[in-house]
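Working notes for the structure below.
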Amino acid sequence: MSRLGHLGAYLNRSSKVLRDNASRILRMEGAEEPSRAPRTLFTFNSREDIDQFATGCDADVGGTSTVNFALDESTAKPSSSEKPPPHGVIVNRPTGRFWGEMRLAVRPGLEGQIRGGYAGFRSKPRTTLFGEITEDVSTHEYLALRVRALGHPRTRNSYFVNLQTDGPITTDLWQHRLFFRRDDGGWEDIFIPFKDFVLTNAGELVPHQVQMYRERVRTVGISLLGGNSGVEGPYELGIDSISAVNVEDVTDTAALEKVPTEGTQWERPPVL
Numbered sequence: 003m004s005r006l007g008h009l010g011a012y013l014n015r016s017s018k019v020l021r022d023n024a025s026r027i028l029r030m031e032g033a034e035e036p037s038r039a040p041r042t043l044f045t046f047n048s049r050e051d052i053d054q055f056a057t058g059c060d061a062d063v064g065g066t067s068t069v070n071f072a073l074d075e076s077t078a079k080p081s082s083s084e085k086p087p088p089h090g091v092i093v094n095r096p097t098g099r100f101w102g103e104m105r106l107a108v109r110p111g112l113e114g115q116i117r118g119g120y121a122g123f124r125s126k127p128r129t130t131l132f133g134e135i136t137e138d139v140s141t142h143e144y145l146a147l148r149v150r151a152l153g154h155p156r157t158r159n160s161y162f163v164n165l166q167t168d169g170p171i172t173t174d175l176w177q178h179r180l181f182f183r184r185d186d187g188g189w190e191d192i193f194i195p196f197k198d199f200v201l202t203n204a205g206e207l208v209p210h211q212v213q214m215y216r217e218r219v220r221t222v223g224i225s226l227l228g229g230n231s232g233v234e235g236p237y238e239l240g241i242d243s244i245s246a247v248n249v250e251d252v253t254d255t256a257a258l259e260k261v262p263t264e265g266t267q268w269e270r271p272p273v274l
């Protein structure tokens, strides 16, 4: 995006904050109970949506993995014979496509100095004239993602969801493994309890866990950590939306069943 484009986006966000605040005052919001209605955090259905996200991988520091994130317009025309199986959904609009090659090797001369095997994308900070836009998900129980796992099957068990909240330590990330129930590359809705995210810093579990500051979520992202599991190969993830919901918003209650966590990277300690 050009410098003029960045300025236009900045002013548009500032104008929206001003309109939203004025609207809340006119509606006298805050006098009633906080809303539990589903809250869409991000959609991935246009180029403007995709432009809200930044990508990165180990190649930025000397690794050899690749990363791409773009709009996939082929999903706007699903097969007419496609039927959603149990736990599945049909998407008939453009969606985000995250793909590349996961490699553990690093460039010559950097062996033993850096670690390869990661790629990811995350939402960009949304600055305005009135401060940064954050999301308040304190009245919601689950982070909901409509996604599909493609690429080589061995890469599908190494995805993590990352949340960054407002706080003094900018390298802190709340993480949770992304578990897929489908193995045929179809779309599905995945629900992750906010209370099950764990606090990490620089890729390591923070010893003393605290409660997530859900009133101000700054960024949301997904990463593939092949280096943690020794996984290489072509990877691909389709993504349609990210939302905050409650249990009454889940039509397929089987999606809330606890997924076995054997083999996950993190063992959650008690919150102190």
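The numbering of the sequence shown is our numbering, which starts it at 3 and goes up by one.
Just so it is clear, CB atoms sit at the ideal spot from N, CA and C, and this is done for glycine as well.
Does the beta-carbon distance from residue i to residue j come in below 9 Å?
i      : j      : result
Val219 : Val139 : yes
Ser67  : Gly114 : no
Asn164 : Val233 : no
Gln166 : Thr221 : yes
Val247 : Glu137 : no
Ile192 : Leu180 : yes
Gly240 : Phe44  : no
Ala121 : Asp251 : no
What residue range does the alpha helix (DSSP H) around residue i cover?
i      : result
Gly229 : Gly228 to Ser231
Ile52  : Arg49 to Ile52
To the nearest angstrom, how far is it from the Cα of residue i to the Cα of residue j?
i      : j      : result
Pro110 : Phe55  : 30 Å
Asp254 : Arg105 : 36 Å
Pro272 : Lys79  : Low local confidence applies: a pLDDT of 39 at Pro272 is under 50, so the model's placement there is unreliable, with the coordinate-based value given in what follows. Each residue's Cα considered, the two are about 46 Å apart.
Val249 : Ser37  : 14 Å
Thr57  : Asn230 : 19 Å
Val149 : Arg41  : 17 Å
Arg15  : His178 : Per-residue confidence for Arg15 stands at a pLDDT of 49, beneath the threshold of 50, marking its modelled position as unreliable; no derived number is given.
Leu227 : Ala39  : 33 Å
Pro96  : Ile116 : 37 Å
Arg123 : Asn47  : Per the sequence shown, residue 123 should be read as Phe rather than Arg. Cα to Cα, the separation comes out at about 16 Å.
Arg156 : Leu131 : 45 Å
Val69  : His210 : 33 Å
Trp268 : Val208 : With a pLDDT of only 43 at Trp268, under the threshold of 50, the placement of this residue in the model should not be trusted, and no figure is reported.
Glu75  : Ile244 : 18 Å
Ile194 : Glu259 : 10 Å
Glu190 : Ala204 : 30 Å
Val63  : Tyr237 : 20 Å
Asp168 : Val93  : 33 Å
Thr173 : Glu206 : 11 Å
Trp176 : Phe162 : 10 Å
Ala107 : His154 : 18 Å
Asp185 : Gly235 : 17 Å
Leu112 : Leu73  : 34 Å
Gly223 : Ile52  : 12 Å
Gly133 : Thr202 : 26 Å
Met214 : Gly65  : 32 Å
Val91  : Pro127 : 30 Å
Going by C-alpha distance, which of the options is nearest residue i?
i      : options                           : result
Ala256 : Gly232, Arg183, His178 and Leu175 : Arg183
Lys197 : Gly205, Val108, Val212 and Gly118 : Val212
Ser225 : Thr45, Phe71 and Leu43            : Phe71
Ile135 : Ser76, Ile171 and Ser125          : Ser125
Glu50  : Val63, Asp62, Gly98 and Thr77     : Gly98
Leu152 : Ile92, Gly188, Asp62 and Val63    : Gly188
Asp242 : Ala121, Val252, Met214 and Thr77  : Thr77
Gly119 : Asp53, Phe44 and Asp60            : Asp60
Glu217 : Leu145, Thr141, Leu239 and Gly65  : Thr141
Under DSSP, the beta strand (DSSP E) around residue i begins and ends at which residues?
i      : result
Phe123 : Ala121 to Ser125
Ile116 : Careful: Ile116 lies outside any beta strand (DSSP E) and carries neither H nor E.
Phe181 : Neither: Phe181 is in no beta strand (DSSP E) and is coded neither H nor E.
Ile135 : Gly133 to Ile135
Phe71  : Asn70 to Asp74
Gly102 : Thr97 to Met104
Pro55  : The sequence shown places Phe at residue 55, rather than the Pro named in the question. Unbroken beta strand (DSSP E) run through Phe55: Phe55 to Cys59.
Arg41  : Arg41 to Thr45
Thr77  : Careful: Thr77 lies outside any beta strand (DSSP E) and carries neither H nor E.
Thr129 : Arg128 to Thr130
Those runs of the alpha helix (DSSP H) which lie wholly inside the segment 189 to 257 and span at least 4 residues:
228 to 231
Which full runs of the beta strand (DSSP E) of 3+ residues lie inside the segment 139 to 175, going along the chain?
144 to 153 and 161 to 167
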